[in-house]
Amino acid sequence: DDDDTWVIRTLRQHEPAAVHTQLPVVWHRASGNRVFDRRGRSWLDWTSGILTANAGHSPDSVVNAVISQARQGLLHAYMFPTAVRARVVRSLAELTGFPQSVLFTTGAEAVEAAIKISRSRASAHGRDRAVVVTFDGAFHGRTLGAQLAGGLPAQRYWLPDCDEAFLRVPYPVEGSRWDSGVLDHALEQAGVSAEDVACVLAELYQGSSLRKMEPTAARNLREWCDRHDALLVFDEVQSGFGRTGSLFAYERTGVRPDLLLCGKGISGSLPVSAVLVADTACTEHLRPGELTNTHGGNPVSLAAVEANLALFADGRLVEAAACRGAQLAEGLAQWAARSPGREVVGAHGMVAGVAFRSPDGTFGREQARLLVAECAQRGLLLCAPAGLDGTMVKIMPPLTTTEADLGEGLARFGVAADAVQH
Ligand code: PMP
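With the UniProt record's numbering, letter number 397 in the sequence shown gets 426, and the count goes up by one each step, no holes.
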């Protein structure tokens, strides 16, 4: 196929290799839970466009909202008020119960803004230091501040080893006996007093490993933050908008964060992220203009958010995600039981990870890579292997995937896995 070959060759020529372009599917069109190439070949999508198309690809209502907003004019975003922005911040408040939101374009920007809000609040409260507590294995995006907050060694090789503004502590993995003593101990070792902490920033499950946070740890962190006047920030850029079978993953912990970070599934593939604010006191010390940026609140993107939020309003999509998530977990458990060396490394609603264990006990990178390739050949689209060492294949279908399509996907996945192992 000349055209697809041209696309790939040209991207390779004019983009650095550090821009990750996964072969072999050249996206031409995406609809529902399917992706199509230029010739009309289709793949069942198990990527949700990197967890953006939670409500399926290109729902009619979202596409129509984008078109009609664009026809109104490609308006500037943040400096002047627009009606669509007013409707979106009101809808976010109604849907989530967080009274304020600040709109950005990428998840990493929302992370940076949360760091800024927390640090400036600490400073307004008369603190000399303002440390951000984060967790080993965390992923918060690829801008500088977000990478410093992240806990992945490979991401940090060119950054100072020990930036005193960030302190990484062990992640409270589900089942571990984590309590805030772990945090106190880490602070003591680093010579940081609890009063110096501006915020604790955490994922409810870690996108890099699919390790889930112990629910009691969420409560511990809440109490700890309240005791020390620190903000609790949950990064739900990945886990939000139904992915885990509740609108947000934090709902299952019974703990409400002070700042809730959203991105990806908030708009269904347009560049929008948001910091949702639980209490207006969190932001009142910042001066006008300090949280704005040129493209945040772009009206065309916000038209997509408005229509997308409407798809979540009656709760049915989230209920479906919980049902399909159970089907996915069951299907993968059966898959793993059929042959030795297969492991499900995490499953939270409509996101799961699998890996192949070698006889020496380690997970295989090459097998993971082959699995993705074998699936693509069979009309099932997955992302390149993820995980801390590239051994985990992540499965994340749109929440709108039907029972039949999920069954079909599992069948193709099973055949592809057999081909990898034999
Ligand atoms: N936080 C989390 C938990 C994420 O998973 C991601 C993206 N994978 C980000 C932040 C960064 O989002 P973006 O790529 O839009 O900057």
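Note that CB positions come from ideal geometry on N, CA and C, so glycine has one too.
Computed from a predicted structure; not experimentally measured.
The bridge partners DSSP lists for M242 are V202. Sequence-distant Cβ neighbours of S387 in its own chain, meaning closer than 6 Å and more than five residues away, are G393. The alpha-carbon separation between L212 and E252 amounts to approximately 12 Å.
Using a C-beta cut-off of 8 Å, the region 297-309 makes contact with the region 117-127, since at least three inter-stretch Cβ pairs fall below that distance.
At least 9 Å separates the beta-carbon of A106 from that of T312. Under the three-state reduction of DSSP output, T163 falls in the strand class. G269 places its beta carbon 9 Å or farther from that of L239.
For the pair A167 and R206, the Cα-to-Cα distance works out to about 19 Å.
Remark: the C-beta of R272 is outside contact range of ligand 1, defined as less than 8 Å to any heavy atom.
DSSP places I424 in no alpha helix (DSSP H) but in the uninterrupted beta strand (DSSP E) bounded by V422 to I424. In this structure, DSSP gives G438 a helical state, which the three-state scheme calls helix. Apart from sequence neighbours up to five positions away, the residues of its chain that approach R371 with a beta-carbon distance below 6 Å are A365, ordered along the chain. The beta carbon of A448 sits closer than 7 Å to the beta carbons of E403 from its chain, once the five residues preceding and following it are set aside; these are given in chain order.
Judged by DSSP secondary structure, C228 falls within the beta strand (DSSP E) whose first and last residues are V226 to A231. Remark: the shortest separation between the CB of F168 and any heavy atom of ligand 1 falls under 8 Å. Annotation for S368: no beta strand (DSSP E) segment contains it, and DSSP assigns it neither H nor E. Assignment of alpha helix (DSSP H) within the region 72-112, counting only whole runs of 4 or more residues, yields 77-80 and 89-101 in chain order.
Between R441 and R407, the C-beta gap is smaller than 9 Å, which places the two residues in contact. For the pair F65 and G210, the Cα-to-Cα distance works out to about 51 Å.
Contact between V131 and L260 is absent: CB atoms are separated by about 14 Å, not below the 8 Å threshold. Per DSSP, G136 is one residue of the alpha helix (DSSP H) stretching across G136 to A153. Around the C-beta of V117, 16 or more other C-beta atoms lie within 10 Å, and the residue is accordingly described as buried. Taking a contact to require three or more Cβ pairs closer than 8 Å, the region 228-245 and the region 372-385 qualify as touching. The straight-line gap separating the alpha-carbon atoms of N62 and A194 is approximately 42 Å. Around the CB of V48, fewer than 16 other CB atoms lie within 10 Å, so the residue is classed as exposed. Taking the Cβ atoms as the reference, A175 lies roughly 24 Å from E203, outside the contact range of under 8 Å.
DSSP places Q129 within a strand segment (E or B) once states are collapsed to three.
Under a 10 Å Cβ-count criterion, R148 is classified as buried, with 16 or more other Cβ atoms of the shown protein chains found around its own Cβ. Here the C-alpha atom of A336 lies approximately 15 Å from the C-alpha atom of G292. Taking 8 Å as the upper bound for CB-CB distance, H257 and V226 are in contact here, some 6 Å apart. A Cβ-Cβ distance of about 5 Å is found for the pair G271 and L428, placing them in contact under the 8 Å criterion.
Under the 10 Å beta carbon count, S368 is surrounded by fewer than 16 other beta carbons and is classified as exposed.
Here the alpha carbons of G344 and A332 stand approximately 20 Å from one another.
Partner residues in the beta bridge of A376, as assigned by DSSP, are A381.
Closest in alpha carbon position to V401, among W75, I37 and R353, is W75. The closest CA to that of M425, considering only L439, L417, G419 and D418, is found on L439.
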